[in-house]
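**Student:** Heads up, the sequence shown stops at 645 in the numbering used here, and the numbers go up one at a time, no gaps.
All residues carry an ideal CB built from backbone N, CA and C; glycine is no exception.
In this text the structure is predicted, and so the values were computed from the model without any measurement.
Starting off with a structure, shown below.
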Amino acid sequence: MILDFPVNIQRKTVGVSERGFGTILIYDPSQDINFMYITAENVKDFSTESKLYKIATRLFMQKPQPQEVAVVGKNGSAVEGFKKVLEENNDFFFVTCTDNSVATIKGLSSLCQVNNKVYAVTVNDYEDAKKLFEEVYDNTFVMYHEDSDSFAAEGLAVAMSYKIGGKTAKFKTIQGVKSSNVTLTQVYELHKNSLFTYVEKLGVLQTSEGKMLSGEYIDVVLGEYWIRFRMEERMQRLALTQDKIPYTNRGIGMLVGVAELVLSEAVAMGIVEEGQYRVDYKVREDVDSNEVALRKYNYILWTAMLQGAIHTGQISGILTYDIVNREEE
């Protein structure tokens, strides 16, 4: 049959891979293990005396459980091995490691900083914690706990992998971890240097703070990553699904629309305050013709107010003999 009005359908459903925040890597530099994803059932296959087993157990003990856990091992230098891991497969966001020596923490922190990973590590010797007091890394958070089997920061990574950027890392309960035996002076020193610990307050076990080694709050750094990754992905998808993004006010409006959409999603995530963001841009008429010829447009600038979180506060009150709520006569 010859159709008078044939219909041709062109699918523009090209998928852009969204970088996930839910995958937590356990890196073991003491043995060779091919990169693989594991479930809670797989944990029983590891030696119960190994740190790999203990970290994996701590991760899967959390509620809710981690969305995805990966394991990889490179026998030898922890830092050199992790470089190879990043080259071979970097489909993860949070990093934990069975080696928590100061040298390894510094080395992995540098690599995570460059490669957009977030590193969670627990130190068990207070002297080791003090050796990190001068370090400034925006992608590493360190907890102190004298129990070598606590893996407190590693457990916290699970909680922070949900609702990225929309929850504070302070006040969080880590399943299976007891209160750290720290003095008030040590807690003060840890906080002053952007480390934190695990304490009991009013009968509730909880993280004492929630900062990266740089002093920035963990949720702020994660929120920044969420906005950055999602905006890059949405812009890439726009370019893939259109014949072209025209260098006109309409094309500029398409880019601005993507930026506004991601910021509106950041509001829903609890990263940005509702109604407190804007996107500024240049119209086509104000762009130099040389830049148009180069097909380059660098004039979208967005500003957003972080929602933040209340971590401390002082409540004031007045006790009096006067009647406070006098009934009207």
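What residue does the beta strand (DSSP E) around residue 713 start on, and which one ends it?
**Tutor:** Residue 713 is absent from the model: the chain starts at 317 and stops at 645.
**Student:** Alpha helix (DSSP H) containing residue 572: first to last residue?
**Tutor:** Your numbering for residue 572 matches position 256 in the sequence shown. Note, residue 572: alpha helix (DSSP H), 565-585.
**Student:** Would you call residue 363 buried or exposed, if buried means 16 or more other Cβ atoms sit within 10 Å of its Cβ?
**Tutor:** Along the sequence shown, one-based indexing puts residue 363 at 47. Exposed: under 16 other Cβ atoms inside 10 Å.
**Student:** With residue 435 as the anchor, note down where its alpha helix (DSSP H) starts and where it stops.
**Tutor:** Residue 435 sits at position 119 when you count from the first residue of the sequence shown. For residue 435, there is no enclosing alpha helix (DSSP H); the residue is found in the beta strand (DSSP E) stretching over 434-439.
**Student:** Identify which residue in 538, 481 and 471 has its Cα closest to the Cα of residue 489.
**Tutor:** Here the question's residue 489 lines up with position 173 in the sequence shown. Nearest option by C-alpha distance: 471.
**Student:** Whole angstroms is fine: what's the gap from residue 617's alpha carbon to residue 580's?
**Tutor:** Reading the sequence shown from its first residue, position 301 is the one you call residue 617. Reading the sequence shown from its first residue, position 264 is the one you call residue 580. The straight-line gap from Cα to Cα measures roughly 15 Å.
**Student:** What number of angstroms, rounded off, separates the C-alpha of residue 427 from the C-alpha of residue 341?
**Tutor:** As a first step, residue 427 must be located in the sequence shown, where it is residue number 111. As a first step, residue 341 must be located in the sequence shown, where it is residue number 25. In a straight line, the C-alpha of residue 427 is about 14 Å away from that of residue 341.
**Student:** Does the segment 354-371 come close enough to the segment 558-578 to have 3 or more Cβ pairs within less than 8 Å?
**Tutor:** Counting Cβ pairs under 8 Å, fewer than three are found: no touch.
**Student:** For residue 514 and residue 380, which I take to be in contact (beta-carbon distance under 8 Å), what is that distance rounded to the nearest angstrom?
**Tutor:** Counting from one through the sequence shown, the residue named residue 514 turns up at place 198. Counting from one through the sequence shown, the residue named residue 380 turns up at place 64. At roughly 20 Å, the Cβ-Cβ gap does not stay under 8 Å, so residue 514 and residue 380 are not in contact.
**Student:** Compute the Euclidean distance between the alpha carbons of residue 373 and residue 356, then round it to the nearest angstrom.
**Tutor:** Taking the sequence shown and counting its residues from 1, the one referred to as residue 373 is at position 57. Taking the sequence shown and counting its residues from 1, the one referred to as residue 356 is at position 40. Rounded to whole angstroms, residue 373 to residue 356 spans 8 Å at the Cα level.
**Student:** What did DSSP end up calling residue 550 once you bin it into helix, strand or coil?
**Tutor:** For the purposes of this step, residue 550 is taken as residue 234 along the sequence shown, with counting starting at 1. In the structure shown, residue 550 sits in a helix (DSSP, three-state: H, G or I).
**Student:** Would you call residue 546 buried or exposed, if buried means 16 or more other Cβ atoms sit within 10 Å of its Cβ?
**Tutor:** Against the sequence shown, residue 546 aligns to sequence position 230. Residue 546 should be labelled buried.
**Student:** With a floor of 4 residues, list each alpha helix (DSSP H) that falls wholly inside the segment 431-503, ordered by position along the chain.
**Tutor:** 442-446 and 468-476
**Student:** Looking only at C-alpha atoms, which of 506, 457 and 376 sits nearest to residue 411?
**Tutor:** Start at 1 with the first residue of the sequence shown, and residue 411 comes out as number 95. Residue 411 has its Cα closest to that of 457, out of 506, 457 and 376.
**Student:** Name the one or two DSSP bridge partners that residue 527 has.
**Tutor:** If you number the sequence shown from 1, residue 527 lands on position 211. Per DSSP, 533.
**Student:** I'd like to know whether the C-beta atoms of residue 460 and residue 498 end up nearer to each other than 8 Å.
**Tutor:** Residue 460 sits at position 144 when you count from the first residue of the sequence shown. Residue 498 sits at position 182 when you count from the first residue of the sequence shown. Cβ distance < 8 Å, so residue 460 and residue 498 count as in contact.
**Student:** Does the Cβ of residue 525 have 16 or more other Cβ atoms within 10 Å, making it buried, or fewer, making it exposed?
**Tutor:** In the sequence shown, counting from the first residue as 1, residue 525 sits at position 209. With 16 or more other Cβ atoms within 10 Å, it is buried.
**Student:** Report back the beta-carbon spacing between residue 453 and residue 530 to the nearest angstrom; my notes put them in contact at under 8 Å.
**Tutor:** Taking the first residue of the sequence shown as 1, we reach residue 453 at position 137. Taking the first residue of the sequence shown as 1, we reach residue 530 at position 214. For a cut-off of 8 Å, the C-beta gap from residue 453 to residue 530 is around 6 Å, short enough to register as a contact.
**Student:** Name, in chain order, the residues that DSSP records as bridge partners for residue 310.
**Tutor:** For residue 310 there is no data in the structure shown, the boundaries of the chain being 317 and 645.
**Student:** If you drop the 5 nearest sequence neighbours on each side, which residues of the same chain put their C-beta closer than 7 Å to that of residue 392?
**Tutor:** Your numbering for residue 392 matches position 76 in the sequence shown. Counting only Cβ-Cβ distances below 7 Å, and skipping sequence neighbours, we find 345.
**Student:** Compute the Euclidean distance between the alpha carbons of residue 532 and residue 556, then round it to the nearest angstrom.
**Tutor:** Reading the sequence shown from its first residue, position 216 is the one you call residue 532. Reading the sequence shown from its first residue, position 240 is the one you call residue 556. C-alpha separation (whole angstroms): 35 Å.
**Student:** Within 10 Å of its beta-carbon, does residue 636 have 16 or more other beta-carbons around it, so buried, or fewer, so exposed?
**Tutor:** As a position in the sequence shown, residue 636 is number 320, starting the count at 1. Exposed, by the Cβ-count rule.
**Student:** Should residue 599 be labelled buried (16 or more other beta-carbon atoms within 10 Å of its own) or exposed?
**Tutor:** Translated into positions along the sequence shown, residue 599 becomes position 283. Exposed: under 16 other Cβ atoms inside 10 Å.
**Student:** Considering residue 594, what are the terminal residues of the beta strand (DSSP E) in which it resides?
**Tutor:** For the purposes of this step, residue 594 is taken as residue 278 along the sequence shown, with counting starting at 1. Per DSSP, residue 594 belongs to the beta strand (DSSP E) from 588-596.
**Student:** Of all the options 409, 358, 368 and 394, which has the alpha carbon lying nearest to the alpha carbon of residue 339?
**Tutor:** Start at 1 with the first residue of the sequence shown, and residue 339 comes out as number 23. The residue with the shortest Cα to Cα distance from residue 339 is 409.
**Student:** According to the Cβ coordinates, are residue 582 and residue 625 closer than 8 Å?
**Tutor:** Within the sequence shown, numbered from 1, the residue matching residue 582 stands at position 266. Within the sequence shown, numbered from 1, the residue matching residue 625 stands at position 309. Contact: no.
**Student:** At what residues does the alpha helix (DSSP H) containing residue 512 begin and finish?
**Tutor:** Counted from its first residue, the sequence shown places residue 512 at position 196. No alpha helix (DSSP H) holds residue 512; the beta strand (DSSP E) holding it covers 512-517.
**Student:** Taking C-beta to C-beta, are residue 510 and residue 462 nearer than 8 Å?
**Tutor:** Indexing the sequence shown from 1 puts residue 510 at position 194. Indexing the sequence shown from 1 puts residue 462 at position 146. Cβ distance not < 8 Å, so residue 510 and residue 462 don't count as in contact.
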